[in-house]
Amino acid sequence: MISIKTNAIKLQKGETIIEVIVATLVFAVGILGNLGLQSASVQSNKASLHQTKAILAANDIAERMRANREAALAGDYDSYSSSNPPGNPGCDQAPCSTTNIAQYHLFDWSQNFANVYEDERFTHLLPDGAATINFDAANNEYSIQVSWTEQAYEETSTGAQKTNRTQTHELVLTI
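Following the working numbering, the numbering of the sequence shown begins with 346 at its first residue and continues without gaps.
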């Protein structure tokens with residue numbers, strides 16, 4: 346005859362259920378922590394991408410200025426602002442002077458910040474991207490500044506607030 350112990354079943358008090366609930370809670374907290382790390386990582390990668398694009402844009406115009414040294418020394422790249430890009434001097438078909446080439450370089454480079462070619466596929470290189478170029482004739486130095494807007498979280502008395510802040514990359518080019 347087989348005897349069944351009924352005492353073993355009656356002694357169960359639900360400890361296994363409590364252990365499962367605690368384990369699930371610990372697991373959920375771990376997942377939330379990983380999501381926070383992933384979010385911070387994505388934001389850092391985005392910031393790094395924007396900075397890299399700004400560096401590439403500044404280096405692009407610096408190389409054009411080095412290639413057109415005569416115009417650069419004459420200050421033809423001075424007082425540039427992406428908010429007021431120069432017009433196209435039409436150097437793509439006719440021979441041009443070094444001054445016209447400098448104007449074309451600035452016009453073409455402006456496509457990074459404004460739709461100067463009026464192309465419907467245009468996208469900005471940087472969010473709220475802007476650039477300025479200034480020349481210090483005494484030292485033969487150009488200051489090339491590329492700026493953009495980046496989202497960031499700042500601590501306030503009410504907690505973390507999402508804000509926009511302007512970042513700037515400056516390249517000083519000696520001609």
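Here a beta-carbon is modelled for each residue, glycine too, at the ideal position from N, C-alpha and C.
As the structure is a prediction and not an experimental result, all values here were calculated from the model.
In the DSSP assignment, the alpha helix (DSSP H) including residue i goes from what residue to what residue?
| i | result |
| --- | --- |
| HIS450 | 443 to 454 |
Taking 9 Å as the threshold (C-beta atoms), are residue j and residue i in contact?
| i | j | result |
| --- | --- | --- |
| GLY474 | PHE458 | yes |
| THR508 | GLN490 | no |
| SER393 | PRO430 | no |
| GLU495 | GLN506 | no |
| ALA416 | THR444 | yes |
What does a CB cutoff of less than 6 Å around residue i pick up in its chain, not counting 5 residues either side in sequence?
| i | result |
| --- | --- |
| TYR425 | LEU451 and ILE478 |
| TYR422 | MET410, ALA447 and ILE478 |
How would you label residue i, buried or exposed, when you count the other beta carbons within 10 angstroms and need 16 or more for buried?
| i | result |
| --- | --- |
| TYR449 | buried |
| SER442 | exposed |
| ASP464 | exposed |
| ILE366 | exposed |
| ALA385 | exposed |
| ALA407 | buried |
| ALA368 | exposed |
For the beta strand (DSSP E) holding residue i, just list the boundary residues, first then last.
| i | result |
| --- | --- |
| PHE372 | No beta strand (DSSP E) contains PHE372, which is instead part of the alpha helix (DSSP H) from 360 to 412. |
| GLN506 | 504 to 519 |
Given residue i, which residues of its chain have a CB within under 8 Å of its CB, disregarding the five upstream and five downstream residues?
| i | result |
| --- | --- |
| ASN460 | PHE467 |
| GLN396 | GLN512 and HIS514 |
| ASN484 | THR519 |
| LEU418 | ASN485 and ILE520 |
Could you name the residues of the same chain whose beta carbon sits closer than 7 Å to that of residue i, not counting the 5 residues immediately before and after it, in chain order?
| i | result |
| --- | --- |
| SER428 | ALA475 |
| PHE480 | GLY420, TYR422, ASP423 and TYR487 |
| LEU471 | HIS395, LYS398, ALA399 and TRP493 |
| ALA497 | THR508 and ARG510 |
| GLY504 | none |
Can you check the stretch 420 to 500 for any beta strand (DSSP E) of at least 3 residues that lies completely inside it and give the ranges in chain order?
-> 475 to 481
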